[in-house]
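Peer 1: Heads up, the sequence shown is in our numbering, so the first residue is 46 and it goes up one at a time. Backbone N, C-alpha and C define an ideal beta-carbon position, used for all residues, glycine too.
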Amino acid sequence: MHVYFSVLNWLFPERVGKKYKAQYCIPVNGEYVIDVDSYLVAFRHKHKIDDHWFVCEQCLDMSKRLTLHVCEVIQKYYSKLAVVFSGCQGFHVHVMDFNYYDWVQYHWKEPLWAHHAARFKFTKLLQKQTHVFDRAHFTVSVDPMRVVTVPNTINGKTGLICRFVGTPKDLELLTISDLLERSKAFPAQSHSEALDDSSVRNNGPVKSCAKNGASPTVQG
Numbered sequence: 046m047h048v049y050f051s052v053l054n055w056l057f058p059e060r061v062g063k064k065y066k067a068q069y070c071i072p073v074n075g076e077y078v079i080d081v082d083s084y085l086v087a088f089r090h091k092h093k094i095d096d097h098w099f100v101c102e103q104c105l106d107m108s109k110r111l112t113l114h115v116c117e118v119i120q121k122y123y124s125k126l127a128v129v130f131s132g133c134q135g136f137h138v139h140v141m142d143f144n145y146y147d148w149v150q151y152h153w154k155e156p157l158w159a160h161h162a163a164r165f166k167f168t169k170l171l172q173k174q175t176h177v178f179d180r181a182h183f184t185v186s187v188d189p190m191r192v193v194t195v196p197n198t199i200n201g202k203t204g205l206i207c208r209f210v211g212t213p214k215d216l217e218l219l220t221i222s223d224l225l226e227r228s229k230a231f232p233a234q235s236h237s238e239a240l241d242d243s244s245v246r247n248n249g250p251v252k253s254c255a256k257n258g259a260s261p262t263v264q265g
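1) For PHE167 and VAL138, I'd like the C-alpha separation in whole angstroms.
2) May I ask you to report which of helix, strand or coil DSSP gives PRO196?
3) CB THR184 to CB VAL115, shorter than 8 Å?
4) Should GLU59 be labelled buried (16 or more other beta-carbon atoms within 10 Å of its own) or exposed?
5) So what's HIS139 in DSSP terms, helix, strand or just coil?
6) Per the DSSP calculation, PRO213 is bridged to which residue(s)?
7) Going by DSSP, name the residue or residues bridged to TYR77.
8) State the DSSP-derived secondary structure class of PHE183, mapped to helix, strand or coil.
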């Protein structure tokens, strides 16, 4: 089961619905989020889905390098960054001190527009300096109505925890093997044993995080 939260804070969250009605909810600000995946760049490696983790460790290591690079670029503009392991093939970078006022003026008749326009401008700026945006990932970061995975919940594709890592420095010091070990949903038993449990088995086979088995966007 996937659990999500909104990247925006709302004055009247119970009114949140379709985009054209969002002005009645009154968005007040929120996080800026980037979804980083390794398949956004081509690199030579032996792609292998590990039977223990159901992810390719070399792909995840490339995602780590891409994440550290985009964090370095973001820190030219903002300082409060939180990195989260997606539980599958990449990472989510949360810019906690992002403020739309830095990029556009508030439009009281269309408050959602200001959030979209600010994210669009910032994403375009980052796109010129990084390699983490294809069309789908660009949309994820620009869309203020987007929802992202709640940290410390289980990824439905791999059974791993969407683990909060910390700062970019914390990610830099963390090895991929340690990250995967910390992301076990069932620490008291092996990952493969946990997947044999009837409660997991009843949900069907676990899919790999290969490109053809996962969506490149954060699903809503």
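Peer 2: Here's the rundown:
1) 14 Å
2) coil
3) Result no, Cβ atoms of THR184 and VAL115 do not sit closer than 8 Å.
4) exposed
5) strand
6) Per DSSP, none; premise fails for PRO213.
7) Answer is VAL140.
8) DSSP places PHE183 within a helical segment (H, G or I) once states are collapsed to three.
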